[in-house]
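Q: First the structure, which I've put down as structure tokens, then a few questions once you've had a look.
In my numbering, the protein residues as written are 169 to 515.
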């Protein structure tokens, strides 16, 4: 924990800009890490970002040299307002984003004809890739034929499809894929099968023993950062769990530019420790205070969510780094004062 100078010099970069436009979703999956549903988020209900706010974020963020020109739209369910989606994709394309993508549960593809019409418009607007969420836990809310229709329609419209399937020890990926037509699965560009994350709604609905563990908690996440704006307007360095916490906030796009917020984030030692040395590097701070957070951790994302949704843990970590930042500032002031004294003495 003492190699702070090296941490300060390492560049933070983001793979894409992610905007989560709403906490509303047509599904209410028992494993949702965002805890969203038809009435919004379990904790604080329905939240939406306005088109004007999202346009400002998209326009400002493209100026950032440490952000790849990729734009990704998420939710909740991002396609609840398809006309707004089309507008945002067109706007992002005009601003200079070279890759535009989105995630959906494909509820809108119940009708083959409507799916074909929408995907053609989405492709014309600039959408290049779409991620479709499908697994055992989506099945009660989304009919398999909608997934089939969405994949076919996207393929015909030249939109690459990433099929994301979550699994547990009880419900594997093959179970979910068996509901889909085999010829349709062949049209998928990328298939990602991942263990579900034991956070959000899954924390209360899924036994930890049913979750596949990720044992190495020392892994950093600097290679997978996405500059994310959640439906409340708060900015975070990822869309994998930290974006769902509110104990430590870096800034809100309703109050200031995302560029200003990102520049401030870039200077924070807490964030640098987190992304370069991993969430496990923060555990000794909590252990010194008698808090053990790694006991039931199944992944680095779940551990991060678990720590930063707990007010006590978040306060201890914030207090620790506030003291470090204050000491660094004082050292800088002392050095500057010493230099000025030396200059005066040499005159």
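Using N, Cα and C, we set each Cβ at its ideal position, and we do this for glycine too.
What number of angstroms, rounded off, separates the C-alpha of residue 458 from the C-alpha of residue 484?
A: Translated into the one-based positions of the chain shown, residue 458 becomes position 290. Translated into the one-based positions of the chain shown, residue 484 becomes position 316. About 11 Å.
Q: Considering only the alpha carbon of each residue, which of 185, 396, 349, 204 lies closest to residue 314?
A: Along the chain shown, one-based indexing puts residue 314 at 146. The option with the nearest alpha carbon to residue 314 is 349.
Q: Reducing DSSP to helix, strand and coil, say where residue 459 ends up.
A: Here residue 459 is taken as the residue at index 291 of the chain shown, counted from 1. Here residue 459 sits in coil by DSSP.
Q: Taking just the CA atoms, how far does residue 276 sit from residue 492?
A: Within the chain shown, the letter at position 324 stands for residue 492. Within the chain shown, the letter at position 108 stands for residue 276. Approximately 50 Å between the Cα atoms of the pair.
Q: Does the region 303-314 touch the region 215-230, meaning 3 or more C-beta pairs lie closer than 8 Å?
A: Taking 8 Å as the limit for Cβ pairs, the verdict is that the region 303-314 does not touch the region 215-230.
Q: By how many angstroms is the C-alpha of residue 477 removed from the C-alpha of residue 169?
A: Position 1 of the chain shown, counted from the start, is the residue given in the question as residue 169. Position 309 of the chain shown, counted from the start, is the residue given in the question as residue 477. For residue 169, the predicted model reports a pLDDT of 46, less than 50, meaning its position is unreliable; a value from the coordinates is still stated below. Computed Cα separation, rounded: 23 Å.
Q: In whole angstroms, what is the alpha-carbon distance linking residue 354 and residue 423?
A: Start at 1 with the first residue of the chain shown, and residue 354 comes out as number 186. Start at 1 with the first residue of the chain shown, and residue 423 comes out as number 255. Going from the Cα of residue 354 to the Cα of residue 423 covers about 46 Å.
Q: Based on the DSSP secondary-structure assignment, which residues constitute the bridge partners of residue 225?
A: The residue given as residue 225 occupies position 57 in the chain shown. According to DSSP, which records beta bridges pairwise, residue 225 is partnered with nothing at all.
Q: Evaluate residue 470 with the Cβ neighbour count: other Cβ atoms within 10 Å of its Cβ, from every protein chain shown; 16 or more gives buried, anything less gives exposed.
A: Mapped onto the chain shown, residue 470 falls at position 302. It counts as buried.
Q: In chain order, what are the residue ranges of uninterrupted alpha helix (DSSP H) at least 4 long that sit wholly in the region 312-352?
A: Counting whole runs of 4 or more residues, the region 312-352 contains the alpha helix (DSSP H) stretches 312-324, 341-345.
Q: Less than 9 Å between the C-beta atoms of residue 448 and residue 385, yes or no?
A: Within the chain shown, residue 448 is the residue found at index 280, counting from 1. Within the chain shown, residue 385 is the residue found at index 217, counting from 1. Yes, the Cβ-Cβ distance between residue 448 and residue 385 is below 9 Å.
Q: Which word fits residue 152, buried or exposed, when buried means at least 16 other C-beta atoms lie within 10 angstroms of its C-beta?
A: What is shown of the chain runs 169 to 515, which leaves residue 152 out entirely.
Q: Would residue 421 pass as a contact of residue 446 if the rule is Cβ separation under 9 Å?
A: Numbered from its first residue, the chain shown carries residue 421 at position 253. Numbered from its first residue, the chain shown carries residue 446 at position 278. No; because the gap between Cβ atoms is not below 9 Å, this pair is not in contact.
Q: If you draw a straight line from the alpha carbon of residue 208 to that of residue 437, how long is it in whole angstroms?
A: The residue labelled residue 208 in the question sits at position 40 within the chain shown. The residue labelled residue 437 in the question sits at position 269 within the chain shown. Their backbone Cα atoms lie some 33 Å apart in a straight line.
Q: Just the Cα atoms here: how many angstroms apart are residue 390 and residue 182?
A: Locating residue 390 in the chain shown gives position 222, where the first residue counts as 1. Locating residue 182 in the chain shown gives position 14, where the first residue counts as 1. Each residue's alpha carbon lies about 8 Å from the other.
Q: Using only the alpha-carbon positions, how far apart do residue 405 and residue 460 sit?
A: By one-based count along the chain shown, residue 405 stands at place 237. By one-based count along the chain shown, residue 460 stands at place 292. For residue 405 and residue 460, the distance between alpha carbons rounds to 25 Å.
Q: Would a C-beta distance cut-off of 9 Å place residue 188 and residue 202 closer than the cut-off?
A: As a position in the chain shown, residue 188 is number 20, starting the count at 1. As a position in the chain shown, residue 202 is number 34, starting the count at 1. Cβ atoms of residue 188 and residue 202: closer than 9 Å.
Q: Within 10 angstroms of the Cβ of residue 490, are there 16 or more other Cβ atoms? Answer buried if so, exposed if not.
A: As a first step, residue 490 must be located in the chain shown, where it is residue number 322. Counting Cβ neighbours within 10 Å, residue 490 comes out exposed, since fewer than 16 surround it.
Q: Can you tell me whether residue 255 is helix, strand or coil according to DSSP?
A: As a first step, residue 255 is located in the chain shown; it is residue number 87 there, counting from the start. Of the three classes helix, strand and coil, the one that applies to residue 255 here is helix, per DSSP.
Q: Going straight from the alpha carbon of residue 431 to that of residue 262, what length do you get?
A: One-based indexing of the chain shown puts residue 431 at position 263. One-based indexing of the chain shown puts residue 262 at position 94. One C-alpha to the other measures close to 24 Å.
Q: Closer than 7 Å by C-beta to residue 368: which residues in its own chain qualify, once you throw out the five before and the five after it? Chain order, please.
A: Position 200 of the chain shown holds residue 368. So the list reads 200, 201, 202, 203, 412, once near-sequence residues are dropped.
Q: To the nearest whole angstrom, what separates the beta carbons of residue 418 and residue 429, a pair I think is in contact under 8 Å?
A: Mapped onto the chain shown, residue 418 falls at position 250. Mapped onto the chain shown, residue 429 falls at position 261. About 6 Å; that satisfies the 8 Å criterion.
Q: Enumerate, from N- to C-terminal direction, the unbroken alpha helix (DSSP H) stretches of 4 or more residues contained entirely within the region 171-240.
A: List check, alpha helix (DSSP H) in window: 172-177, 219-229.
Q: Hey, how far is the Cα of residue 318 from the Cα of residue 259?
A: As a working note, residue 318 is residue 150 in the chain shown. As a working note, residue 259 is residue 91 in the chain shown. Distance between the alpha carbons of residue 318 and residue 259 is about 24 Å.
Q: Buried or exposed for residue 441, please, with buried defined as at least 16 other CB atoms from any protein chain shown within 10 angstroms of its CB.
A: Walking along the chain shown from the start, residue 441 turns up at place 273. When all chains shown are included, residue 441 counts as buried.
Q: Do residue 410 and residue 472 come within 9 Å of each other at the CB atom, strictly closer than that value?
A: For the purposes of this step, residue 472 is identified with residue 304 of the chain shown, where counting begins at 1. For the purposes of this step, residue 410 is identified with residue 242 of the chain shown, where counting begins at 1. Contact: yes.
Q: Using only CA atoms, which one of 300, 218, 252, 456 lies nearest to residue 321?
A: The sequence position of residue 321 within the chain shown is 153, counting from 1. Of 300, 218, 252, 456, the residue nearest in Cα terms is 300.
Q: Could you check the C-alpha separation between residue 466 and residue 379 for me, to the nearest Å?
A: Here residue 466 corresponds to residue number 298 of the chain shown, with the count starting at 1. Here residue 379 corresponds to residue number 211 of the chain shown, with the count starting at 1. Near 7 Å, if we compare the C-alpha coordinates of residue 379 and residue 466.
Q: Taking buried to mean at least 16 other C-beta atoms within 10 Å of its own C-beta, is residue 494 buried or exposed?
A: Along the chain shown, one-based indexing puts residue 494 at 326. Exposed: under 16 other Cβ atoms inside 10 Å.
Q: Measure the C-alpha to C-alpha separation of residue 244 and residue 435 and round it to an integer number of angstroms.
A: Walking along the chain shown from the start, residue 244 turns up at place 76. Walking along the chain shown from the start, residue 435 turns up at place 267. Cα to Cα, residue 244 sits roughly 30 Å from residue 435.
Q: Rounded to a whole number of angstroms, what is the C-alpha to C-alpha distance between residue 488 and residue 399?
A: For the purposes of this step, residue 488 is taken as residue 320 along the chain shown, with counting starting at 1. For the purposes of this step, residue 399 is taken as residue 231 along the chain shown, with counting starting at 1. Each residue's alpha carbon lies about 29 Å from the other.
Q: Among 176, 298, 339, which residue has its Cα nearest to the Cα of residue 269?
A: Within the chain shown, numbered from 1, the residue matching residue 269 stands at position 101. Answer by Cα proximity: 298.
Q: Give the secondary structure of residue 369 by DSSP, where H, G and I count as helix, E and B as strand, and everything else as coil.
A: Working through the chain shown from its first residue, we reach residue 369 at position 201. Three-state DSSP puts residue 369 in coil, outside helix and strand.
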